[in-house]
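This report concerns only the one structure given below.
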Amino acid sequence: MHLPIDLLRSFVAVADTGSFTRAGLAVNLTQSAVSQHVKRLESDLGQALFKRNGRTVSLTHEGEVLLRHSRRVLRAHDEALAALIRPELSGLVRIGSHDDYAATFLPSILARFAEVYPFVQVEVHCEPSTRRLLETLDAGGLDLAVCTCAPVDTGEAIRREPLAWVTSDNHATHEQDILPFAAYNFGCAYRRWALEALEKLGRRYRIAYSSQSLSGIFSAVSAGLAIAVAGVSTVPQGLRILGPEDGFPDLPAATLTLHRNGGNASPEVECLARFVADEFSERRAPLRGPGVVACGS
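In terms of the UniProt record's numbering, the sequence shown opens at residue 1 and continues consecutively.
Structural data, given as structure tokens:
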């Protein structure tokens, strides 16, 4: 038995879009062709991959397992083709991101991208503000931007990021009567969600540390000066995630989006965009909160 690439591509498209019709548009096939691809996979594997509910679908447990492997297979397949067919790409691509995701995701993405496209230069710009990232993109200073809590309809949703309360492994900061909290500056959705949750609990708190930088916030948490809220995938060693068993409620999940500069749709920009989207989508963390929230920047 083997799993044809075209069937896996249709399967992943349905999983990502939640619809056979939208999946067809994504892979440039008819809805009927996509449906046949999924039926062939299910028949060959002897497993149901989707639960049908009217016009929408959701993955079964077996579908979740196949999805993780399918993303890796498709990524390896596409990168192999790219390395052989389009090694001539060159030029400059400028990508912007918040520092937390630049440190967590971009190193492995850029290393793989450099192997396939060694003549393309990549510049990485870190900004603490989604608004400033989008302003720089619109002004032509960036080709791509990975944003947190940007309007979803202006970009491509590439990840659902669960949020978590974090404290130091070596301190009992979270047990203090008046909770010291390390927060992003005003305007951050993470800050707003956290403080709303504490007020709903009736938990007394104080802003003990404020920063635009996640590394600065993590330093305060590590030193036992405060607790904080951060994306699950960004939590470093030495910090512990707090949950309902510790008296801290689940938080929403943020939507991460990839934005393009419409004035520069070069092949090298689009190739890096696909590398970014694939890596962010594949490295999923299990959701603990009540779901994705479309948040303002």
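We put the CB at the ideal spot given by N, CA and C, even for glycine.
Residue i, buried or exposed, once every other Cβ within 10 Å from all chains shown has been counted against 16
i       : result
Pro-162 : buried
Ile-109 : buried
Val-116 : buried
Gly-155 : buried
Gly-63  : buried
Leu-8   : buried
Glu-279 : buried
Pro-118 : exposed
Pro-244 : exposed
Glu-199 : exposed
His-77  : exposed
Pro-290 : Here Pro-290 scores only 35 on pLDDT, less than 50, and its place in the model is too uncertain to base an answer on.
Gly-231 : buried
Ile-207 : exposed
Arg-71  : buried
Leu-239 : buried
Glu-127 : buried
Leu-84  : exposed
Ala-102 : buried
Ala-220 : buried
Arg-68  : exposed
Member of the options whose CA lies at the smallest distance from the CA of residue i
i           : options                               : result
Ser-281     : Arg-203, Leu-225, Thr-257 and Val-269 : Thr-257
residue 303 : Ala-223, Leu-251, Thr-56 and Ser-168  : The displayed coordinates of the chain run from 1 to 297. Any statement about residue 303 would go beyond what the structure contains.
Leu-142     : Ala-157, Val-269, Arg-192 and Leu-195 : Val-269
Ser-211     : Val-34, Tyr-184 and Asn-28            : Tyr-184
Arg-55      : Lys-39, Val-14, Glu-64 and Glu-62     : Val-14
Ile-178     : Trp-165, Arg-203 and Ala-194          : Arg-203
Gly-247     : Val-166, Ser-222 and Arg-206          : Val-166
Thr-130     : Glu-123, Phe-105, Asp-100 and Pro-107 : Asp-100
Leu-3       : Ile-207, Leu-45 and Ser-213           : Leu-45
Asp-138     : Ala-194, Ser-10, His-259 and Ile-5    : His-259
Ala-145     : Ala-164, Arg-71 and Arg-274           : Arg-274
Pro-249     : His-37, Ala-164 and Gly-96            : Ala-164
Ala-253     : Val-122, Asn-264 and Trp-193          : Trp-193
Gly-262     : Glu-79, Leu-214, Ser-222 and Thr-136  : Thr-136
Asn-264     : Ala-208, Arg-94, Pro-236 and Ile-158  : Arg-94
Leu-66      : Leu-134, Thr-255 and Ser-10           : Ser-10
Glu-175     : Glu-196, Leu-214, Cys-147 and Ala-226 : Ala-226
Ser-233     : Glu-123, Val-12, Val-38 and Leu-106   : Leu-106
Gln-147     : Thr-255, Leu-214 and Ala-220          : It should be noted that the sequence gives Cys, not Gln, for residue 147. Cα-wise, what sits closest to Cys-147 is Thr-255.
Gly-113     : Leu-134, Glu-79 and Met-1             : Reading off the sequence, residue 113 comes out as Phe, not Gly. Checked all of Leu-134, Glu-79 and Met-1; the closest Cα to Phe-113 is Glu-79.
Leu-74      : Pro-180, Tyr-190, Ile-5 and Tyr-205   : Ile-5
7 Å CB neighbourhood of residue i in its chain, flanking five on each side removed
i           : result
Thr-17      : Ala-23 and Ala-26
Pro-267     : Leu-89
Pro-236     : Phe-218
residue 298 : The structure shown does not extend to residue 298, since the chain is modelled only from 1 to 297, so the question has no answer here.
Ser-215     : Asp-99
Arg-40      : Leu-7
Same chain only: Cβ atoms within 6 Å of residue i, ignoring 5 sequence neighbours per side
i       : result
Gly-224 : Ser-168, His-171 and Thr-173
Leu-217 : Checking the displayed sequence, the identity of residue 217 turns out to be Ile instead of Leu. The answer, listed in chain order, is Ala-182, Ser-211 and Ala-228.
Gln-121 : Leu-92
His-125 : Gly-96
Ser-297 : Low per-residue confidence applies at Ser-297: pLDDT is 36, beneath 50, and the placement is therefore not dependable, though the value from the model is reported in the following sentence. For Ser-297, where only same-chain residues beyond five positions count, the Cβ hits under 6 Å are Thr-130, Arg-131, Cys-149 and Ala-150.
Val-12  : Ser-70
Residue i, enclosing alpha helix (DSSP H) - first and last residue
i       : result
Gln-36  : 31 to 45
Pro-107 : 106 to 116
Ala-15  : 5 to 17
Thr-136 : 130 to 138
Ile-145 : The identity of residue 145 in the sequence shown is Ala, whereas the question assumes Ile. Run containing Ala-145: none in the alpha helix (DSSP H); it sits in the beta strand (DSSP E), 144 to 148.
Ile-217 : 214 to 222
Leu-179 : No alpha helix (DSSP H) contains Leu-179, which is instead part of the beta strand (DSSP E) from 179 to 184.
Bounding residues of the beta strand (DSSP E) (the contiguous stretch that carries residue i)
i       : result
Ser-211 : 205 to 211
Gly-96  : 91 to 97
Thr-167 : 156 to 168
Val-124 : 120 to 126
Residues near residue i in its chain [Cβ-Cβ closer than 8 Å; skip 5 each side]
i      : result
Val-57 : Val-14, Gly-18, Ser-19, Phe-20, Phe-50 and Lys-51
Ala-48 : Glu-42, Thr-60, Glu-62 and Gly-63
Ala-82 : Val-116, Tyr-117 and Cys-271
The ligand NAP heavy atom lying under 7 Å from the CB of residue i
i      : result
Gln-36 : Only the bare structure without any ligand can be found here, which leaves the ligand NAP out of the picture.
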